[in-house]
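Worksheet for the structure shown next.
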Amino acid sequence: MTVATLRYLSRADIAALGGDHSDLYMHAIEAGFRSHASGDFVQPLKPYLRSPRTRHIADRIIAMPAWIGGDQPVAGLKWIGSKHDNPAKRGIERASAVIVLNDPETNYPMAILEGALLSAMRTAAVTGVAARQLARRGFEDAAIIGCGPIGERQAQMLLEQFPEVKALRLFDLDEAAAHVLAARLRRRFDAFAVTIAPSAEAAVRDCPVVITCTVTDRPYLAFDWLSKGTFLANVSIMDVERDVFLKVDKVVVDDWGQSNREKKIINLMVEAGEFSREQLHAELGEIIVGSRPGRETEDEIILLNPMGMAIDDIVCAQAILRRAEERNVGTVLPLF
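Numbering (the numbering used here), first residue to last: 1 to 336.
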């Protein structure tokens with residue numbers, strides 16, 4: 001690194017480096033969880049910046065800093081903004097982000113990356129890495145609840161990483177959004193069936209893998225919708241009713257400290273005395289390194305509640321930056 005410059009990577013640059021395919025993220029995310037399990041990281045609790053003029057759960061800007069050790073340490077920050085009405089009111093994506101990477105030797109910034117694509121792809125990769133440990137082997141069917149950009153990347157990941165998947169069920173309160181996503185997936189992928197479910201319940205019932213990708217702040221997904229052996233990835237956090245956490249066979253999170261805060265569902269249950277760290281089965285990194293078991297029986301119902309970690313973003317951004325430096329992709333900018 002030259003301390004007087006930094007490399008800027010646009011979304012197009014990142015896509016050209018393979019950042020629009022899930023392979024890169026799956027490898028990076030697994031490595032990040034191994035660092036998490038070994039404690040070789042620093043990850044302050046992420047602050048949420050909210051305007052007092054809005055109360056919507058998806059209207060916020062979040063700062064997500066992290067340092068990751070290993071053979072090639074790296075530090076960085078994701079700065080991610082979200083407005084729930086961006087698509088309908090402004091015709092733009094709900095979320096936007098930049099990621100800043102710093103050289104841990106000097107603490108100088110060395111790269112700035114467009115972060116929304118990376119953020120969505122790494123979120124899907126967390127589900128994918130977890131599904132390898134927590135879903136029934138050979139599952140052929142999956143349900144996506146919420147058909148925006150996050151839902152699309154989750155579907156993409158499933159179809160790229162799990163070739164045995166033969167059918168997807170989609171549901172969105174905006175039925176048109178589900179049809180749009182179905183058409184996009186059909187154009188991109190062959191040899192699978194996609195159906196539009198008439199309700200969230202219809203999508204979930206008898207489905208072995210369920211992924212929530214909404215912006216709701218009101219739980220709706222009931223335990224009796226779930227079949228034996230279901231793996232439920234509660235990506236959008238607030239979708240699952242409280243009793244699901246108490247009735248499933250295993251609850252897994254990415255990071256307990258990140259999950260038990262900000263009035264999210266686990267935090268609300270802890271404050272009410274309904275849930276505790278002792279009732280948690282594991283953090284996902286513990287399962288990946290083998291210190292805790294993943295799925296042990298075909299009938300287990302397993303709930304993953306991933307808050308999203310800064311180390312996910314930083315480890316993926318580092319992998320992309322390495323490729324960019326190898327191939328001289330991006331724009332090198334003077335720092336001074």
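Glycine residues also receive a C-beta, built at the ideal position from the N, C-alpha and C atoms. Note that the structure is a prediction, hence the values are computed from the model and not measured.
Query	Result
Glu286 versus Glu30, Ala16, Pro87 and Asp20, residue with shortest Cα-Cα distance	Glu30
Distance cut-off 8 Å: Glu298 Cβ against heavy atoms of the ligand SAM	The ligand SAM is not part of the structure shown, which contains no ligands of any sort.
Reduced DSSP category for Asp141 - H, G, I as helix; E, B as strand; rest coil	strand
Cβ neighbour criterion (16 or more within 10 Å) applied to His281	buried
The segment 142-161 touching the segment 125-133, judged by at least three CB pairs closer than 8 Å	yes
Beta-carbon proximity list for Thr5, same chain, < 7 Å, skipping 5 on both sides	Val332, Leu333, Pro334 and Leu335
Buried versus exposed call for Asn328 [16 or more other C-beta atoms within 10 Å across all chains shown]	exposed
Reference Asp217, options Leu246, Val235, Val315 and Ile92, closest by Cα	Val235
Test item: CB-CB of Leu268 and Asp239 under 9 Å	no
Chain-order list of residues whose beta-carbon lies under 6 Å from that of Met1 (same chain, five-residue window excluded)	Low confidence applies here, because Met1 scores a pLDDT of 48, under 50, leaving its location unreliable; read the following figure in that light. Closer than 6 Å at the Cβ level, and outside the excluded window around Met1, lie Asp103 and Met110.
Assigned exposure category for Asn283 - 16 Cβ within 10 Å defines buried	Residue identity differs from the one stated: residue 283 is Glu in this sequence, not Asn. Buried, since its Cβ has 16 or more Cβ neighbours within 10 Å.
Backbone secondary structure at Gly151 - three-state DSSP	helix
Val244 burial status per 10 Å Cβ neighbour count (16 or more: buried)	buried
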